[in-house]
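In terms of the numbering used here, the sequence shown opens at residue 6 and continues consecutively.
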Amino acid sequence: MTTEALGQAVPVRDRREWWGELAARAWRILRRVLVVVRPAAWVLIAGAVVLWIAGASLGWWELTVAAIVLTVLLALCSLFLIGRTAYDVTLDLTRTRVVVGERAVGALTLSNSGGRAILPSRVVLPVGAGRGEFQVSRLAPGASAEELFAIPTVRRAVVEVGPVSVVRGDPLGLFERVHRKDEPVDLFVHPRTVLFDGQSLGFLRDLEGLPATDLSRDDVSFHALREYQPGDDLRHVHWKSTARTGSVMVRQYEETRRSHFVIGLSTHPGEYRDDDEFELAVSAAGSLGLRALRDSQRVEVRVQERSLPAGTGKQFLDSLSAVEHSRPRAGGVVDLAGVVAATLPLASVVVLVCGSGVDANSLRAACARLPFGARTLAVVAESGASPSLRRIADADVVTVGALEQLPAALRKVLA
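Below you can see the structure in the form of structure tokens.
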């Protein structure tokens, strides 16, 4: 490319970039204008245009008058968009974690830190799928307004509260300018849980570990003596046996499993008769997990396709708040037991929690898939049922019809 051609190409590229930036800026401005127009306003705008054209082409004064009326109406309504919405917004929830049935109380504070008054506005506070609206009167410079609100909780969930939106618009709802303020806050609605004393989980405790059938060169559970092999630790030589037999003898140990409490909560929708039964299962799993955490056990929680954080009681309940039914193709309690065995082979205690849609054969198959040597308990949630205890294979199976029945049912297992 010659120097002359290069000199012509550079201005062309600069002009293209300039036009591109201009088009992008114009689109941003146009989008800000279009976003304030509500669907009803678009209908009136289209009607006004049609009436102007029809009145001019047909010469009908009546159509022209109607077009003038609509135009004036649209112009007057657009004037309501004028005004500042520069509030300092503070959203404060007294508690971000509540139990199902409790009310979450909060306060919404709007302050005018500017030097001019702010005209009356409408404030919208989204709460999950719904929303609350507050009317804020004129705020003088330095003034503030506080609105108190209460959020009823009827079901377990993670509810997003906010972001707060300040809305300025006309009484007919033709134009609406929305400014979003503050950041949303997550409200965790925890499942109901029941407290019971530590003795209720006594049959599940494993403070010293469970011996396994795998042999180890180094552990705390002595198994037998054997002849020395290259690579053995000389610290494990049993000198008395060595002197007596004439061969170097070393101690052999059994591997032990440390206390590892695993909860498998099935979320398959076909295993539960209704939503109440599913909530009962979630509450039972939460109660057992909290008791194990208070006993300083390591707790792992599995549902279909993922594990739930359970490092602390708060983290565990937060994760249960977001649990929902899984996809049917993710499998039921039998597949969940297989995942537990594959991912947590050293589990010492496994509790399977499911609904009344699981029959005895499925429970037997699920228990058979669990890690060998682990103590197993199955909790079946069945709404309205009387508490019962039965034995399937090597597992104790407890059926509860209400959360309050769980401590007594566990005491039956102890007995």
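Ideal Cβ positions, reconstructed from N, Cα and C, are used throughout, including at glycine.
Counting along the chain, no beta strand (DSSP E) covers Thr317, and no H or E run does either. If one requires a minimum length of 3 residues, the beta strand (DSSP E) runs lying completely within the region 265 to 322 are 265 to 270, 303 to 308, 311 to 313, in chain order. Measuring C-alpha to C-alpha distances from Val169 to each of Gly135, Val128, Arg182, Phe154 identifies Val128 as the nearest. When C-beta atoms of the region 277 to 293 are compared with those of the region 177 to 196, three or more pairs fall below 8 Å, so the two segments count as touching. Counting only runs of 3 or more residues that sit fully inside the region 68 to 152, the beta strand (DSSP E) segments are 93 to 98, 102 to 104, 108 to 116, 126 to 132, 135 to 141, in chain order. Burial check for Pro146: the Cβ neighbour count within 10 Å stays below 16, so the residue is exposed.
A distance of 7 Å or more separates the beta carbons of Val172 and Glu165. In this structure, Gly120 and Ala91 do not form a Cβ contact; the two beta carbons are roughly 10 Å apart against a cut-off of 8 Å. In the three-state DSSP reduction, Gln234 falls in the coil class, being neither helix nor strand. Counting C-beta pairs closer than 8 Å gives fewer than three between the region 97 to 107 and the region 61 to 70, which falls short of the contact rule. Using a C-beta cut-off of 8 Å, the region 47 to 61 makes no contact with the region 130 to 150, since fewer than three inter-stretch Cβ pairs fall below that distance.
Rounded to whole angstroms, Gly389 and Glu305 show a C-alpha spacing of 29 Å. Note: Pro189 is not bridge-paired with any residue in the DSSP secondary-structure output.
For Ala407, the three-state secondary structure derived from DSSP is coil. Rounded to the nearest whole angstrom, the CA to CA distance from Gln309 to Gly316 is 19 Å.
Sorting Ser271, Gly269, Gln234, Arg249 by C-alpha distance to the C-alpha of Val255 places Gln234 at the top. Contact between Ala352 and His265 holds: their C-beta atoms lie close to 5 Å from each other, under 8 Å. Here Val355 is buried, its C-beta having at least 16 other C-beta atoms within 10 Å. Relative to the Cα of Thr381, the nearest Cα in the group Ile268, Asp340, Phe154 belongs to Ile268.
In the displayed model, Glu22 falls within a helix according to three-state DSSP. Note on Leu84: under 16 other CB atoms within 10 angstroms of its CB, so exposed under the neighbour-count rule. Secondary structure note for Gly343: its alpha helix (DSSP H) is the uninterrupted segment 338 to 348. A residue is called buried when at least 16 other Cβ atoms come within 10 angstroms of its Cβ; Ser391 does not meet this threshold and is exposed.
In the displayed model, Val163 falls within a strand according to three-state DSSP. Shown here, His184 sits in a strand according to DSSP, grouped into three states. Of the candidates Glu387, Ala46, Arg37, Gly336, Ala46 places its Cα closest to the Cα of Asp175.
With contact defined as three or more Cβ pairs closer than 8 Å, the region 238 to 245 and the region 315 to 331 are not in contact.
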